[in-house]
Amino acid sequence: MILTIETSCDDTSVALVNPKDGELLDVLSVSQLIHSDYGGVVPELASRKHFSNIMPLLKTILKNNNLELDNISYIAVTYTPGLLGSLLVGVTAAKSLAFSLGVPLIPVHHMEGHLMSVFIENSVPEFPFMSLVISGGHTFITIIKDFHKYEIIGETLDDSAGEAFDKTARVLGLPYPGGPHIEKEALKAFENADIPEFPKPMSKSGDLNFSFSGLKTAVKIYRKKNPEVVPAIIAKGFQEAVASLLQIKLNKALLKYKVKFLTITGGVAANKFICDKLKNELNCNILIPSKKYCTDNAGMIGKAAYYRLKNNFNVLKDKKYFSLNPIASMRINEEKQF
Ligand code: KG4
Ligand code: ZN
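The numbers in the sequence shown follow our numbering, run straight up by one, and end at 350.
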């Protein structure tokens, strides 16, 4: 069994994955609600919560599956990118467990977790295929040439798509994390309502890069100028602008890179309006994980660990993991073999 730990941001999560076939057997997560009081993640509070959550979660997932520590043959953990203090809790727990059990440790790149999350429920298409990751910390399009081989063909130059949702939610007086609240609010807009058309920054830039900070500012200015317009109408206009931006760039990418499959992952992929628009308007086979696997979870990290094990990529044996430290920031295409 691969026992997996994910603590990169504000969700403490553990999972069990079968090392023989990569099946996800169980995943258990605790979301840290405390951050909504502050309108965003407070790093020190996140680390403290991970610290108190991690051992009870590990004990519970083993108990729920009638397993003992002796049944664990690998430990996997997210080691980059993320909040350093949060990663440190997971990595320290993982190193201690691997050492005491005498089993290999598989460090996993969080973004590879998102990229592999779609294969919890779908089989891997033929390489190369295209992936869009739209999370709270990252937004990029990559060509996946093989396992662990990524070419980034477009990325955000400022805010991520998730950040745009979170910041826009704050402008509209909606709680953190903003994405699910904006999605819910937009559904309240009347059928024939006059929806504002917000700008789509960089949609005509000719490249595959994104910019979301201008969109957030446009919403802010609109809100100030039109205080009588209800949040539902603005939320709908904002969501439509994000969906159109993604559609325009992906369409361009698909014309340039003639792949048969596109995967869409990360927290914002939980948005039904965005997914429906992309599925309806793009000429490609599109795979999107179920909602529960879009946002951070240890299941996706366990799935990525399974592919690392299968391809013998960064499986640390013989206590080689002593030198493993969390890394706050690392692009997915910069990861090296240890
Ligand atoms: O992937 P994720 O859980 O964490 C990171 O790795 O960053 O993504 C979190 C982001 C947040 O910004 C949150 O607002 C957004 O995903 N999100 C959504 C939805 N659910 C979560 N955005 C739009 N619509 C949603 N339904
Ligand atoms: Zn994430």
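We put the beta carbon where it would ideally sit given N, CA and C, even for glycine.
With three or more CB-CB distances shorter than 8 Å, the segment 257-277 counts as touching the segment 128-148.
Taking all protein chains shown into account, residue 238 has fewer than 16 neighbouring C-beta atoms within 10 Å of its C-beta and is therefore exposed. The residue from 34, 19, 332 with its alpha-carbon nearest to that of residue 96 is 19. Taking 7 Å as the cut-off, one finds no heavy atom of ligand 1 near enough to the beta carbon of residue 115. Going by C-alpha positions, residue 278 is about 14 Å away from residue 316. Residue state for residue 137 is assigned as coil, using DSSP reduced to three classes.
About 11 Å separates the Cβ atoms of residue 132 and residue 310, ruling out a contact at the 8 Å cut-off.
Relative to the non-hydrogen atoms of ligand 1, the Cβ of residue 308 comes within a distance shorter than 7 Å of at least one.
Annotation: residue 49 is outside any beta strand (DSSP E) and is labelled neither H nor E by DSSP. Rounded to whole angstroms, the separation of the alpha carbons of residue 261 and residue 164 is 14 Å. For residue 318, the enclosing alpha helix (DSSP H) has its first and last residue at 310-322. Remark: the C-beta of residue 175 is in contact range of ligand 1, defined as less than 7 Å to any heavy atom.
DSSP places residue 27 within a strand segment (E or B) once states are collapsed to three. Residue environment analysis places residue 349 among the exposed positions, since fewer than 16 neighbouring C-beta atoms fall within 10 angstroms of its C-beta. In this structure, residue 103 and residue 328 do not form a Cβ contact; the two beta carbons are roughly 12 Å apart against a cut-off of 8 Å. In terms of Cβ geometry, residue 177 and residue 194 form a close pair [threshold 8 Å]. Listed in chain order, the beta strand (DSSP E) runs fully inside the segment 101-169 are 117-121, 141-146, 151-158, 161-167, counting runs of at least 3 residues. Rounded to the nearest angstrom, the Cβ distance from residue 314 to residue 84 is 12 Å, too far for a contact under 8 Å. Under the DSSP assignment, residue 297 falls outside any alpha helix (DSSP H), being part of the beta strand (DSSP E) whose first and last residues are 297-299. Here residue 188 carries a coil assignment [DSSP, helix/strand/coil]. For ligand 1, no non-hydrogen atom lies closer than 7 Å to the CB of residue 83. Residue 305: member of the alpha helix (DSSP H) spanning 303-306, first to last residue. Between residue 345 and residue 119, the gap from beta carbon to beta carbon reaches 8 Å or more. Residue 228 places its beta carbon less than 8 Å from that of residue 180. Contact between residue 92 and residue 122 is confirmed by a C-beta separation of about 7 Å, below the 8 Å threshold.
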